[in-house]
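Structure record follows, encoded as structure tokens.
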Amino acid sequence: MKVYKHREANCSFLFSDVTCAGFTGYDTTRKLIVLSIRGSHGVHQYYDLWKVGNENGTVPFLGVGRVTKVFHDNFESLWYGGLGEDTQVDREERYMGSRGAVYARNTKHIGAHRASI
Numbered sequence: 000m001k002v003y004k005h006r007e008a009n010c011s012f013l014f015s016d017v018t019c020a021g022f023t024g025y026d027t028t029r030k031l032i033v034l035s036i037r038g039s040h041g042v043h044q045y046y047d048l049w050k051v052g053n054e055n056g057t058v059p060f061l062g063v064g065r066v067t068k069v070f071h072d073n074f075e076s077l078w079y080g081g082l083g084e085d086t087q088v089d090r091e092e093r094y095m096g097s098r099g100a101v102y103a104r105n106t107k108h109i110g111a112h113r114a115s116i
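The opening position of the sequence shown corresponds to residue 0 in numbering that gives the first Met the number 0, with each subsequent residue numbered one higher.
Below is the structure:
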């Protein structure tokens with residue numbers, strides 16, 4: 000298994016020290032694309048999650064469920080910050096085509112929420 004890229008994004012509208020991160024990787028033997036997400040990190044992360052989470056409630060996600068707006072926005076910060084593009088490049092460059100699987104992993108409790116998205 001090889002790490003392809005690491006991405007980090009500001010995951011707070013209130014504080015610049017609240018970041019989250021994601022890694023993409025691949026395994027050509029098992030035809031896997033790996034997506035690993037680290038949840039928020041920073042002194043203000045819990046205040047930010049509580050404040051934004053309590054004020055904004057939940058939002059629809061892909062028509063199959065709901066997630067809190069703060070987790071949705073944080074995931075999008077990472078995804079549109081390059082993580083989504085990296086998974087496509089992984090698939091194309093590693094010749095996995097549509098037969099490959101995506102393996103999502105989290106590295107913290109808050110990362111678990113983002114990985115499940």
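All residues carry an ideal CB built from backbone N, CA and C; glycine is no exception. On a predicted model such as this, the values are computed, not experimentally measured, just so you know.
Residue i versus residue j: straight-line alpha-carbon distance, rounded
i      : j     : result
Gly110 : Ser39 : Interpretation of Gly110 is limited by its pLDDT of 49, a score under 50 that renders its predicted location unreliable; no figure is taken from the coordinates.
Leu119 : Gly62 : Residue 119 lies beyond the stretch modelled for the chain, which goes from 0 to 116, so this question has no answer here.
Phe70  : His5  : 19 Å
Leu77  : Ile36 : 9 Å
Arg65  : Gly56 : 10 Å
Trp49  : Val58 : 16 Å
Asp47  : Thr27 : 39 Å
Residue of the options minimising C-alpha distance to residue i
i     : options                       : result
Asn73 : Met0, Gly62, Phe14 and Ile32  : Phe14
Gly41 : His71, Val17 and Gly21        : Val17
Phe60 : Glu54, Glu75, Asn53 and Asp47 : Glu75
Tyr45 : Gly80, Glu7, Ser11 and Glu84  : Ser11
Asn9  : Lys30, His43, Thr28 and Thr27 : His43
Residues near residue i by beta carbon distance below 7 Å, same chain, minus five either side
i     : result
Gly24 : Met0, Lys1, Val2, Tyr3 and Val33
Those residues which DSSP pairs with residue i across a bridge
i    : result
Val2 : Gly24
Closer than 7 Å: residue i CB and nearest the ligand NAP heavy atom
i     : result
Phe60 : Only the bare structure without any ligand can be found here, which leaves the ligand NAP out of the picture.
Residues of its chain near residue i, where Cβ-Cβ distance is below 6 Å and the 5 sequence neighbours each way are ignored
i    : result
Glu7 : Thr18 and Ala20
Cβ-based neighbour list, residue i, same chain, cut-off 8 Å, excluding 5 preceding and 5 following
i     : result
Thr86 : Thr23, Ile32, Leu34 and Val101
4-residue-minimum alpha helix (DSSP H) runs that sit fully inside the segment 23 to 79, ordered along the chain:
44 to 55 and 68 to 77
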